[in-house]
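These protein sequence lines are chains A and B, in that order.
The numbering of the first sequence is the working numbering, which starts it at 167 and goes up by one.
The numbering of the second sequence is the working numbering, which starts it at 956 and goes up by one.
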Amino acid sequence: DAKTTQPPSMDCAEGRAANLPCNHSTISGNEYVYWYRQIHSQGPQYIIHGLKNNETNEMASLIITEDRKSSTLILPHATLRDTAVYYCSVDNNAGNMLTFGGGTRLMVKP
Amino acid sequence: KAGVTQTPRYLIKTRGQQVTLSCSPISGHRSVSWYQQTPGQGLQFLFEYFSETQRNKGNFPGRFSGRQFSNSRSEMNVSTLELGDSALYLCASSPQTSGTYEQYFGPGTRLTVT
Chain A
167 DAKTTQPPSM DCAEGRAANL PCNHSTISGN EYVYWYRQIH SQGPQYIIHG LKNNETNEMA
227 SLIITEDRKS STLILPHATL RDTAVYYCSV DNNAGNMLTF GGGTRLMVKP
Chain B
956 KAGVTQTPRY LIKTRGQQVT LSCSPISGHR SVSWYQQTPG QGLQFLFEYF SETQRNKGNF
1016 PGRFSGRQFS NSRSEMNVST LELGDSALYL CASSPQTSGT YEQYFGPGTR LTVT
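Right, dumping it as structure tokens:
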């Protein structure tokens, strides 16, 4: 049971904002939204998480819709090093039971 | 601090054999979770250990088991290997302090079953 759906791939120009969508229409009230990314041959790297309010950290911003059925990860100024597969997941156990689907393969181009 | 380490990094086994994978979490982290990642199924949760106790378990058969030691190091074991067990096995640790939601992943062990 995929709890999240994401587009399989996206391109972004270097220096521009990358907006990665995620649909989680069956999210329950106590589930958080998590975003991770995985660069080839490495383990996933945490980016950001949120419950219902928008969140921002040094890496990215997370926008969650009011009904919490979808979210968008924003990389404000994408660089070539941001080329990776981005995964969103929902979890109600402090992020210790993640499940990732296919993710979005983001290609940042010069 | 050193990151999460996993050994071995690569492993080739034959159907029917068993395998043990090891994970050393970041110093001070008490929670260790294991995941299986395959191209077809994505990343799936196997189990989580906290203070030597299995706290959560994913939807995997009993051939998959694990344990955690008093120093928080963890092992997972897969018995009677099947071709479908070929995957990247990832370990992640978390400090499990209040308000901590970030998991730190190791590089994984790539298991090939022939």
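Glycine included, every Cβ here is placed at the ideal spot set by N, Cα and C.
Contacts that residue i makes with chain B (C-beta to C-beta distance below 8 Å)
i	result
Met263(A)	Ser988, Phe1000, Glu1003, Asn1011 and Gly1013
Tyr198(A)	Tyr1056
Gly268(A)	Gly997
Rounded separation between residue i and residue j - CA only
i	j	result
Ser988(B)	Glu1037(B)	22 Å
Leu272(A)	Thr969(B)	36 Å
Ser986(B)	Thr1035(B)	27 Å
Ile214(A)	Asn1032(B)	31 Å
Gln1009(B)	Leu976(B)	16 Å
Ala1042(B)	Leu264(A)	17 Å
Ser1049(B)	Asn1011(B)	14 Å
Val251(A)	Ser1006(B)	32 Å
Leu1066(B)	Trp201(A)	26 Å
Thr270(A)	Glu232(A)	23 Å
Three-state secondary structure (DSSP) of residue i
i	result
Gly997(B)	strand
Gly261(A)	coil
Asp1085(B)	There is no way to answer for residue 1085(B), as the model of chain B reaches only from 956 to 1069.
Leu217(A)	coil
Arg247(A)	helix
Pro276(A)	coil
Phe266(A)	strand
Glu224(A)	coil
Arg140(A)	Residue 140(A) lies beyond the range of chain A shown here (167 to 276); nothing can be said about it.
Phe1005(B)	strand
Ser988(B)	strand
Range of the contiguous beta strand (DSSP E) that encloses residue i
i	result
Thr1064(B)	Thr1064 to Val1068
Gly1017(B)	Run containing Gly1017(B): none; DSSP gives neither H nor E here.
Pro174(A)	First-last for Pro174(A): undefined, no H or E at that position.
Tyr200(A)	Tyr198 to Gln204
Tyr1056(B)	Note, Tyr1056(B): premise wrong, no beta strand (DSSP E); not H, not E.
Lys235(A)	Unbroken run through Lys235(A): none, as it is neither H nor E.
Ser979(B)	Val974 to Ser979
Lys968(B)	Tyr965 to Lys968
Chain B contact residues for residue i, given Cβ-Cβ distances below 7 Å
i	result
Asn259(A)	Asn1011
Amino acids of chain A, ordered along the chain, whose beta-carbon sits closer than 9 Å to that of residue i
i	result
Phe1060(B)	Tyr202, Gln204, Gln208, Gly209, Pro210, Gln211 and Tyr212
Leu1045(B)	Gly209 and Pro210
Ser1049(B)	Ala260, Gly261 and Asn262
Partner residues on chain A for residue i, Cβ-Cβ distance less than 8 Å
i	result
Gly1063(B)	Gly209
- Message: Taking beta-carbon pairs under 7 Å, can you tell me which members of the region 212-226 of chain A lie near chain B?
- Response: Hits within the stretch, in order: Tyr212 and His215.
- Query: Residues in the region 963-985 of chain B with C-beta within 8 Å of chain A's C-beta atoms, listed in sequence order?
  - Reply: Answer set for the region 963-985 of chain B: empty.
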